[in-house]
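Q: For the sequence shown, the numbering used here assigns the number 3 to the initial residue and increments by one for each residue that follows.
Note that the Cβ used here is the ideal one computed from N, Cα and C, for glycine as well.
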Amino acid sequence: MHLKDLQGMAESCQNHGDGFGAFRTTSAILALGWPDDVTEQWLYDHPDHFIQDYGHIDLMHIGWTEEAIGLRQFLNMPTGASENDLLEYNAKNHAYLVGVRNAGVHIGVRKSWENDGTWKRSPLVIQRNLVEPAATGLQVVEGRTRVGVLQGRAAEGLFVAEQHLAWVGRLRCPT
């Protein structure tokens, strides 16, 4: 199963009022066995946005766990090739990006950064060898604003935590 296989389903649920609740209970999504937060951020919220960088990956081969990742690893983490400069842009504009996130699901973003030194919602990162077999480490899939803000705050010497929760996608071990 690939991103393009789910694109129409996500758009249909969004456009016809069925919403995420209907999307996450389809047989295709249930077969993945992914956490709802990962499914919503990657497959539902942005059904076509990631096809260029991740469309070739068989989603059935990815398993997800929420893990604490050290600050240093995030400071050098890349994102997909189609938007490889986005993290740097977000880092330079971190204060603005936090400031405008003050309504709806974004209420509390500024407080999370100021009080906890981290994001409110875990971003998604993936093993780079799932994208390109010779690559190592992790890369940001979704949450590039969050990771860019972290990088920008750290560069300016603002308070940031030493550990940050993220959903980590890795090659699923066969059972």
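#1: Is the beta carbon of Arg-172 less than 9 Å from the beta carbon of Trp-66?
#2: Thinking just about the alpha-carbon of each residue, which of Asn-95, Ala-105, Gln-75 and Leu-61 is nearest to the one in Gly-150?
#3: Threshold first: 3 residues or longer. Then list the beta strand (DSSP E) segments lying entirely within the region 37 to 97, N to C.
#4: Using a Cβ-Cβ cut-off of 7 Å (strictly less than) and excluding sequence neighbours within five positions of Thr-138, which residues of its own chain qualify?
#5: Expressed to the nearest angstrom, what Euclidean distance is found between the alpha-carbon atoms of Glu-158 and Tyr-91?
#6: Report yes if the CB atom of Phe-25 is closer than 9 Å to the CB atom of Thr-41, and no otherwise.
#7: Which same chain residues, not among the five before or five after Pro-80, have their C-beta less than 6 Å away from its C-beta?
#8: So, is Tyr-98 buried or exposed, given that buried needs 16 or more other C-beta atoms within 10 angstroms?
#9: Can you list, in chain order, the residues of its chain whose CB lies under 6 Å from that of Val-168, leaving out five sequence neighbours each side?
#10: Is Arg-148 buried or exposed, if buried means 16 or more other CB atoms sit within 10 Å of its CB?
#11: Which whole-angstrom value describes the C-beta separation of Leu-61 and Leu-34, a residue pair presumed to lie in contact below a C-beta threshold of 8 Å?
#12: By the three-class DSSP mapping on this structure, what secondary structure does Glu-116 have?
#13: Does the beta-carbon distance from Val-170 to Glu-68 come in below 9 Å?
#14: Nearest CA to the CA of Ile-64: which residue from Asn-78, Phe-76 and Trp-44?
#15: Label Gly-106 either buried or exposed according to how many other C-beta atoms from any shown protein chain fall within 10 Å of its C-beta, with 16 as the threshold for buried.
#16: Verify whether the separation of the beta carbon atoms of Ala-156 and Leu-88 is less than 9 Å.
#17: Would you mind sorting Cys-175 into buried or exposed? The rule is 16 or more other CB atoms within 10 Å of its CB.
A: On the basis of the supplied data:
#1: yes
#2: Asn-95
#3: 64 to 72
#4: Arg-130 and Asn-131
#5: 14 Å
#6: yes
#7: Gln-141
#8: exposed
#9: With the sequence shown as reference, residue 168 is identified as Ala, and Val is not the correct amino acid for it. For Ala-168, where only same-chain residues beyond five positions count, the Cβ hits under 6 Å are Ile-71, Ser-124, Pro-125 and Val-127.
#10: buried
#11: 6 Å
#12: helix
#13: yes
#14: Trp-44
#15: exposed
#16: no
#17: exposed
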